[in-house]
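**Q**
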Amino acid sequence: MLDHSSKFPAATTDDSLTEMLRGLRLDGVDYGRCELAAPWGIRFPAQEAARFHFICGVCWLRVPDGEWIELKRGDAVLLPRGIEHALASAPGEPLSPLETYSVREVCRCVYDVCGGGRGETTILFCGSLKFNVDAMHPLLRLMPDVMRIDALTASEPAIPHLLEAMAREVGASRVGSGGVLARLADVLAALIIRSWVEHGCGDTSGWMAAVRHPAIGRVIAAIHLDPEKNWTVDSLAKVMGASRSGFAQQFRSVVGETPARYLTQVRMHQARQWLSRDRMRISVVARHLGYDSEAAFSRAFKRVIGAPPSHYRGAEEPGLSIGSEK
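In terms of this note's numbering, the sequence shown opens at residue -8 and continues consecutively.
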């Protein structure tokens, strides 16, 4: 097992955020180009994967509370948790599932959609993207349900160019488009999240405040970077550069819970990801996380997650295609 602790004692707050962002990546699920003539309306059901839409034209976004938001050419939105929403040529248009339109598979993971009426045409570039971390990752929990990506372009001028490159790739129908789009989406996600973090994340307390703390932030980053490491209160205190008692007291004051409890939570959410995404055996996960027995690991897992490991090991993840529901 690699020992990453030597990185952290000299780290700054920015370094801590860098370590947290390093593991937060997007894996592409599917992408599509939609050419729609008014009137039209598409209902997108809730799903596990994030969704994003890049607008070439004019349309309206409806969020779960019923609010309609106008989107114009160059606007883009990210829905990190894939909440139910709709896009339409105008507020109040009848909404239908995407499958009711003419959908053509261009290549693996890339589709083309057309339909609607005879009015003004709008082109949408849509994508379903899955964060390759557990849904309970603190950054994901802090993200708003709807993020206006175009609002971040002042600090990240590369974002519009990446969106345009992805839209061109979808329309090109070239070999390997899925792989190229996945890499572009990965860079796009990093820029979006970095800009959002730099703008304050809408959070000045709690977990984000702890990450930004010049000393505690190093500890949190170390835990998330290497949850498998045989961390103790003493070794975490060394990362912070403090005494054992001083560290434990300050950690609880800033984070709101003990170092041991926080470490266990991170490990169990990592375990859930290994079980459900990587299909690892329960005994292997327990061993990776330093548990002497599968039974002890299972008890800790159920205490934190609320269900036994077998619940995640035995169930396939829900489908993540463009029309999938939670």
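Beta carbons: idealized from backbone N, C-alpha and C, even for Gly.
#1: Let me make sure I understand the geometry here. Which of Pro135, Arg268 and Ala176 has the alpha-carbon closest to that of aspartate 21?
#2: Smallest Cα separation from histidine 302: which of Leu280, Ser267, Val276 and Ser284?
#3: If you drop the 5 nearest sequence neighbours on each side, which residues of the same chain put their C-beta closer than 6 Å to that of tryptophan 31?
#4: Do the segment 164 to 171 and the segment 127 to 141 meet, that is, are 3 or more Cβ pairs less than 8 Å apart?
#5: When DSSP labels each residue in this structure, what does valine 97 get in the three-state scheme?
#6: With 16 other CB atoms within 10 Å as the buried threshold, where does glutamate 248 fall?
#7: Look up leucine 59 in the DSSP assignment and say whether it is helix, strand or coil.
#8: At 3 residues or longer, what runs of the beta strand (DSSP E) sit wholly inside the segment 26 to 72?
#9: Measuring CB atoms only, is the segment 69 to 80 touching the segment 142 to 151, in the sense that at least three cross pairs come out at less than 8 Å?
#10: Cα separation between alanine 29 and methionine 134?
#11: Please name the residue, chosen from Pro85, Leu179, Ala200 and Arg290, that lies closest to proline 151 on a Cα-to-Cα basis.
#12: Rounded to a whole number of angstroms, what is the C-alpha to C-alpha distance between phenylalanine 116 and glycine 57?
#13: In the DSSP assignment, the alpha helix (DSSP H) including isoleucine 273 goes from what residue to what residue?
#14: Look at valine 321 and leucine 70 and say whether their C-beta atoms are less than 9 Å apart.
#15: Could you have a look at aspartate 217 and say whether DSSP puts it in helix, strand or coil?
**A** Concretely, from the data shown:
#1: Ala176
#2: Ser267
#3: Ser80 and Gly107
#4: no
#5: Looking at valine 97 - three-state DSSP - the assignment turns out to be strand.
#6: exposed
#7: Residue identity differs from the one stated: residue 59 is tryptophan in this sequence, not leucine. Three-state DSSP puts tryptophan 59 in a strand.
#8: 32 to 35, 41 to 47, 50 to 53, 59 to 62 and 67 to 70
#9: no
#10: 32 Å
#11: Leu179
#12: For phenylalanine 116 and glycine 57, the distance between alpha carbons rounds to 23 Å.
#13: Run containing isoleucine 273: 273 to 279, per the alpha helix (DSSP H) assignment.
#14: Within the shown structure, residues of the chain are numbered from -8 to 317, placing residue 321 beyond reach of any answer.
#15: coil
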